[in-house]
Amino acid sequence: MIQVNNLSKTYNGTTVLKIDSLEIKKGESFGLVGNNGAGKTTFFSLLLDLIQPSTGNIVNHGVQVNTSESWKPFTASFLDESFLIGYLTPEEYFYFIGDLRGQNKADVDALLATHEEFFNGEILKNKKYLRDLSKGNQKKVGIIATLIGNPEVIILDEPFANLDPTTQFRLKKIIKDLADNPEITVLVSSHDLQHTVEVSDRIVAMHKGEVVKDIQTSPETLKELELFFAV
Amino acid sequence: MIQKFLYLEWKAFIRSASFATNLALKILMGFVAVYFILIFLAVGIGVFYILKKENMDPVATVNKFMIYYVLMDLIIRLLLQKIPVLNIRPMLVFPIKKSTIVHFSLGKTILSFFNLVHGFFLIPFSVVLIIEGYDALSVVLWFTAVYSLLYINNFINIILSNKDNLFGIFLAIVAILGGLHYYDYFNITDYTAPFFDAIFNTYWAFAIPVMALVGLYVATFQYFKNNLYLDAGLSSKHDIAKTEDLTWLNQFGTIGTFLKNDIKLIKRNKRSKTTVGLSVMFLFYGLLFFTNSIEAYNNPVMHIFAGIFVSGGFLITFGQFVPSWDSAYYQLMMTQNIPYKGYLSSKWWLMVIATLVTTTIASFYLYFGVQVYLTIVVGAIYNIGINSHLVLLGGAYTKTPIDLSSGKGAFGDKKAFNVKTMLISIPQLGLPVLLYWLGSKYGNPTIGLSLVAAVGVIGFAFKDKAFSLIEKIYKAEKYATIAAYKQKG
Chain L
1 MIQVNNLSKT YNGTTVLKID SLEIKKGESF GLVGNNGAGK TTFFSLLLDL
51 IQPSTGNIVN HGVQVNTSES WKPFTASFLD ESFLIGYLTP EEYFYFIGDL
101 RGQNKADVDA LLATHEEFFN GEILKNKKYL RDLSKGNQKK VGIIATLIGN
151 PEVIILDEPF ANLDPTTQFR LKKIIKDLAD NPEITVLVSS HDLQHTVEVS
201 DRIVAMHKGE VVKDIQTSPE TLKELELFFA V
Chain S
1 MIQKFLYLEW KAFIRSASFA TNLALKILMG FVAVYFILIF LAVGIGVFYI
51 LKKENMDPVA TVNKFMIYYV LMDLIIRLLL QKIPVLNIRP MLVFPIKKST
101 IVHFSLGKTI LSFFNLVHGF FLIPFSVVLI IEGYDALSVV LWFTAVYSLL
151 YINNFINIIL SNKDNLFGIF LAIVAILGGL HYYDYFNITD YTAPFFDAIF
201 NTYWAFAIPV MALVGLYVAT FQYFKNNLYL DAGLSSKHDI AKTEDLTWLN
251 QFGTIGTFLK NDIKLIKRNK RSKTTVGLSV MFLFYGLLFF TNSIEAYNNP
301 VMHIFAGIFV SGGFLITFGQ FVPSWDSAYY QLMMTQNIPY KGYLSSKWWL
351 MVIATLVTTT IASFYLYFGV QVYLTIVVGA IYNIGINSHL VLLGGAYTKT
401 PIDLSSGKGA FGDKKAFNVK TMLISIPQLG LPVLLYWLGS KYGNPTIGLS
451 LVAAVGVIGF AFKDKAFSLI EKIYKAEKYA TIAAYKQKG
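As they're listed, the protein sequences go chains L and S. End of the first sequence sits at 231 in UniProt numbering; the numbers just go up one at a time, nothing left out. End of the second sequence sits at 489 in UniProt numbering; the numbers just go up one at a time, nothing left out.
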């Protein structure tokens, strides 16, 4: 369970994020939508203790993230390509993450084998370093790397951007499978309302740093969101 | 059109990251620049009179060694002069003629520092020649021809850019030629001096390099114009990647995981490779001290200074940029289940191993006597015991993101300059020199060496304490470091 308490982030007097209270239940599939500058990435960065909150805090499974580091073993994330190590091959990167998460080579290989279809033959054994892969293929590597070591919380920022249509379908299936597992909480942010509606049981819309909508997904959700964002 | 380009160039110049440093540093850089300009001017003016005084014909002597001057220029260009082709990319889709783009890009290199700097030597030298009564026309033609040769280097470098090993090959050629010359086996200048003399003594020979330059410009122009495509001349080179397991490092646990990464980091990135090359140069830096070739260096206190440098080249050049080496993916590191201690330990081990290897290689200094090598070994002990901790400590305050793909900046990053790092680096060199000086003043050099070594051993004994302290500082600096690394370039 993730609990947000009186959280705010201010830069030079401008408040970019302000969430008084938000609770994300264990096993929930949580979708975050909003325009540029709505505060999606800021929220994820706070959740990962990459920036300091101005006020308040986030508690991830009983661990307050800006005071203890024990949330790290069960939390996996991919925000952008700065989560990739450019001079490694994809295999080396997966094994490196595996090492850090206590998975041996065989464990990692087994996981990679189940996602062979997602890689579409463009990732493994391709004699390329991560820095030389296309944006889409880099994203594939980053997303699958978050699945290593059975994390309980998975955070993906804009996972659908830059992916080709087929891969978007496959990614949706991966996220849905994760969402079906009651042990795993998935947090996904996106600009794409339809994708988010398809993979999330709960959708929060943000605007200028504040939560403006919080809805359980239903057949009408997409309409409601479209109406809200069509200005 | 050219005006627009110039406008962009000006913006690129004044907004470049290296220009946006603080005022004090700008003034300092200004002084350094003026200093070098004055030195070049002094050489340009002085060389004539010095040679005259030594009873040598100034023109003939300069002509004789001109071949080395030209070759060294080419080598320095291959190593340092970058060709800014990539800036062209955004221009391709605009309504600008391709030939304009190419002319401008090539023309821009004409004003490069690497070309202009020669003027500070050649112009005063030529002026002195005219004042001293040499035929003005001959001097001007000679000047034109020599400058043409230097510009030929400029364009050779452009055509040969993106080929990595050429620098080494050319350096080897010059070293061999120089060696053969020095030991009187074969003298290249016997064959080239007549050519340079002809440039000076005849009115037609100057046309050879000038024509060659024009021809080369046309060839370069055609080459680039025909290759002005994203997948041809403007493509960036992709290395063929090979997955390496380095399984033998697994036995070291977490530290092994990071060591594996660090080894790949060093092997696969231009910047880190340059750094390793630089640390090899430090290995030979001691020769200046121990061969007694420079008088100011010829005292025992300076020798311990050399001892630190010889054994600690890698430690100094690599260590001062921990954790900036991982700046590109620092966010990843901070969200993974990483004990800071393991991360720092791996960097520490890397520096220790490198110091041990360097010290072993440095055993060739035994040629200068046991005392000299002992000084280096003591330097190594101090490096491992004290300096390894100090560079890690300094690193916590060094918030300069590193662009691994660029070799530039390995010679000292201006932005990495800050007061805290400066203060931390004082004991790196100052303390051993002071200890040695005290020891040898009130006892003998051996006591001095023992003092330095003893402090090194004490530092080693307090390794765990030092690490906890450094870890704390790294944690405190975490957010500032992440924010700084996000600002690229």
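C-beta: ideal position from N, C-alpha, C; glycine also. From a predicted model like this one, the values you see are computed outputs, not experimental measurements.
Taking the alpha-carbon positions, what's the S/Y68 to S/Y182 distance? 13 Å
Chain L contact residues for S/L230, given Cβ-Cβ distances below 7 Å: Residues of chain L passing the Cβ test: none, with the nearest at roughly 14 Å.
Interface residues of chain S around L/Q103 at Cβ under 9 Å? Within 9 Å Cβ-Cβ: nothing; L/Q103 doesn't reach chain S, min ~11 Å.
Got a sec, what are the start and stop residues for the beta strand (DSSP E) L/G34 sits in? 29-34
How about L/F119: is its C-beta nearer than 9 Å to some C-beta of chain S? no
Going along the chain, which residues of its own chain have a beta-carbon closer than 7 Å to the beta-carbon of S/Q331, five neighbours each way excluded? Taking S/Q331 as the centre and dropping the five residues before and after it, the same chain places the C-beta of I482 closer than 7 Å to its C-beta, in chain order.
Residues in the same chain with beta-carbon distance under 7 Å from S/G307, minus the five sequence neighbours each way, listed in chain order, please. Excluding positions up to five away in sequence, the list reads T375, I376, V378, G379.
Can you find the residues in the same chain that come closer than 7 Å, C-beta to C-beta, to L/D80, ignoring five residues on each side of it along the sequence? Here the set comprises D157.
Apart from the five residues just before and just after S/L129, which ones in its own chain have a Cβ nearer than 6 Å to its Cβ? Taking S/L129 as the centre and dropping the five residues before and after it, the same chain places the C-beta of V139 closer than 6 Å to its C-beta, in chain order.
Would you identify the three-state DSSP class for S/D73, choosing helix, strand or coil? DSSP places S/D73 within a helical segment (H, G or I) once states are collapsed to three.
Supposed close pair L/S77, L/T185 - CB separation, criterion 8 Å: Actually they do not touch by this definition, with Cβ atoms about 12 Å apart.
So, do the region 388-408 of chain S and the region 463-481 of chain S have three or more beta carbon pairs nearer to each other than 8 Å? Contact between the region 388-408 of chain S and the region 463-481 of chain S is present, because at least three Cβ pairs lie under 8 Å.
The region 168-185 of chain S: which residues have C-beta closer than 8 Å to a C-beta of chain L, in chain order? none
Start and end of the beta strand (DSSP E) containing S/F196? Here S/F196 belongs to no beta strand (DSSP E); instead the alpha helix (DSSP H) covers 189-201.
Pair within 9 Å by beta-carbon distance, S/N337 and L/R170: Not in contact: S/N337 and L/R170 (Cβ atoms no closer than 9 Å).
For chain S, check one thing: does any of its Cβ atoms lie closer than 9 Å to the Cβ of L/G83? Sequence inspection shows Phe at residue 83 of chain L; the Gly mentioned does not correspond to that position. L/F83 counts as touching chain S.
Identify the continuous beta strand (DSSP E) that holds residue 235 of chain L and give its terminal residues. Any question about residue 235 of chain L goes unanswered here, given that chain L covers just 1 to 231.
Whole angstroms are fine: how far does the CA of L/L130 sit from the CA of L/P165? 22 Å
Find the residues of chain S that neighbour L/T89, judging by a C-beta separation of less than 7 Å, and give them in chain order. A241, T243
Helix or strand or just coil, what does DSSP make of S/F113? helix
Within 9 Å of any Cβ in chain S, is that where the Cβ of L/G62 sits? In terms of beta-carbon proximity, L/G62 stays away from the interface with chain S, with every pair separated by 9 Å or more.
Nonlocal neighbours in the same chain, by C-beta distance under 8 Å from L/Y193, ignoring five residues either side: A small correction: the amino acid at residue 193 of chain L is Leu; Tyr does not occupy that position in the sequence shown. Cβ within range, chain order: V33, L222, L225, E226, F229.
Measure the CB-CB distance between L/I58 and L/Q138 and report whether it falls below 9 Å. no
Mind listing the chain L neighbours of S/Y474? Cutoff is C-beta to C-beta under 7 Å, in chain order. What S/Y474 touches in chain L: nothing, since even the nearest Cβ is about 12 Å away.
At a CB distance below 7 Å, what residues from the region 45-74 of chain L approach chain S? Give them in sequence order. L48, L50, I51, Q52, K72, P73
Taking C-alpha atoms, which residue in S/G133, S/K341, S/A484, S/T109 lies nearest to S/G253? Nearest neighbour of S/G253 by Cα position, chosen from S/G133, S/K341, S/A484, S/T109, turns out to be S/K341.
Whole-number beta carbon distance between S/G312 and S/T355, since they are thought to touch under 8 Å: 6 Å
Less than 6 Å between C-beta atoms, sequence neighbours within five positions excluded: which residues of the same chain meet that for S/I473? A396
Quick one, which residues of the region 246-274 of chain S are near chain L if we go by CB-CB under 7 Å, in chain order? T257, N261, K264, L265, R268, N269
In chain order, what residues of the same chain lie with their CB nearer than 6 Å to the CB of S/V70, ignoring the 5 residues before and after it? L149
How should S/S388 be labelled, buried or exposed, when 16 other C-beta atoms within 10 angstroms of its C-beta is the threshold for buried? buried
Are any of the Cβ atoms in chain A nearer than 9 Å to that of S/Q331? Judged by its chain identifiers, the structure shown contains no chain A, and its protein chains are L and S.
Within 7 Å of chain L by C-beta, residues of the region 336-352 of chain S in sequence order: So the list reads Q336, N337, I338, given in the order they occur along the chain.
Outcome for S/A410 when other beta-carbon atoms lying within 10 angstroms are tallied against a minimum of 16: Residue confidence is low: S/A410 scores 45 on pLDDT, short of 50, so the model does not pin down where it sits. Its coordinate-derived value is still stated next. Buried is the call here.
Please specify which runs of the beta strand (DSSP E), each continuous and at least 3 residues long, are wholly inside the region 105-181 of chain L, giving them in chain order. Runs of the beta strand (DSSP E) inside the region 105-181 of chain L: 153-157.
DSSP beta-bridge partners for L/E23? L/Q3
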